[in-house]
Amino acid sequence: MCAGKEWRQKQIRKITDRVFDRVTNQVGRANLTFEDLYIAVLLVYNDINKHLPGPHFDPPSKDEVRATIQECDLNLDGEIDREEFVQFIQRQTSDTFIVVSQGLIITLVVAPTVAMATKRATEGVPGVGKVVQKLPNSIYASLVTLAVVLFQKSYNDV
Numbered sequence: 001m002c003a004g005k006e007w008r009q010k011q012i013r014k015i016t017d018r019v020f021d022r023v024t025n026q027v028g029r030a031n032l033t034f035e036d037l038y039i040a041v042l043l044v045y046n047d048i049n050k051h052l053p054g055p056h057f058d059p060p061s062k063d064e065v066r067a068t069i070q071e072c073d074l075n076l077d078g079e080i081d082r083e084e085f086v087q088f089i090q091r092q093t094s095d096t097f098i099v100v101s102q103g104l105i106i107t108l109v110v111a112p113t114v115a116m117a118t119k120r121a122t123e124g125v126p127g128v129g130k131v132v133q134k135l136p137n138s139i140y141a142s143l144v145t146l147a148v149v150l151f152q153k154s155y156n157d158v
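When you line the sequence shown up against the UniProt record's numbering, it's residues 1 to 158, in that order.
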């Protein structure tokens, strides 16, 4: 299994364990009913939107949650236990993590390449060109990448 997939699964497991424990402690049951599950889904998506870079992700509709319950309720008791909840969240968030991963790849690969192209373009700009040319390539690429990340974050917060 590749390291990125392992990291994603660990992150999902951390989120699902924390949310599952929070909701089951509040409702006083060991498993989640549909209403509890929908609240848990909203909490998971809230965490995703707070902690992962990228666009805002809308949680699934109640109908989508109902359909996925049918697929994940392996013991057919009408409730979701901890392991079923992990499977449920993995199904619901698989597209979300793909979008986040693609955004990170674009930011971390494309931004430094663009930085080097812009560094060459600034050579003829009076004042700025000499300062930019004196910066080592690695520092300049890091500064441009940081600026892109901050811009993306501020754009997503709007």
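A virtual CB, placed ideally from N, CA and C, is assigned to each residue, including glycine.
Rounded to the nearest angstrom, what separates residue i and residue j at their Cα positions?
i	j	result
residue 84	residue 74	7 angstroms
residue 70	residue 48	24 angstroms
residue 57	residue 50	10 angstroms
residue 77	residue 34	12 angstroms
residue 14	residue 67	24 angstroms
residue 136	residue 18	44 angstroms
residue 127	residue 120	14 angstroms
residue 125	residue 146	23 angstroms
residue 131	residue 139	12 angstroms
residue 9	residue 24	22 angstroms
residue 7	residue 26	29 angstroms
Tell me which residues share the same chain as residue i and place their Cβ nearer than 8 angstroms to its Cβ, disregarding the 5 neighbours each side in the sequence.
i	result
residue 118	144
residue 38	62, 65
Mind reading off the beta-carbon distance from residue i to residue j? Whole number of angstroms is fine, and I expect it under 8 angstroms.
i	j	result
residue 60	residue 41	7 angstroms
residue 43	residue 29	With a Cβ gap of about 16 angstroms, residue 43 and residue 29 do not count as contacting.
Enumerate in chain order the residues of its own chain whose CB-to-CB distance from residue i is below 7 angstroms, with the five nearest sequence positions on each side excluded.
i	result
residue 82	20
residue 123	129, 133
residue 80	31, 32, 37, 69, 72, 73, 88
residue 92	41, 60, 68
residue 46	none
Can you tell me whether residue i is helix, strand or coil according to DSSP?
i	result
residue 37	helix
residue 32	strand
residue 46	helix
Over the uninterrupted alpha helix (DSSP H) stretch that includes residue i, give me the two end residues.
i	result
residue 68	62-72
residue 132	128-134
Excluding the five sequence neighbours on either side, which residues of its own chain have a C-beta within less than 6 angstroms of the C-beta of residue i, listed in chain order?
i	result
residue 16	85, 86, 89
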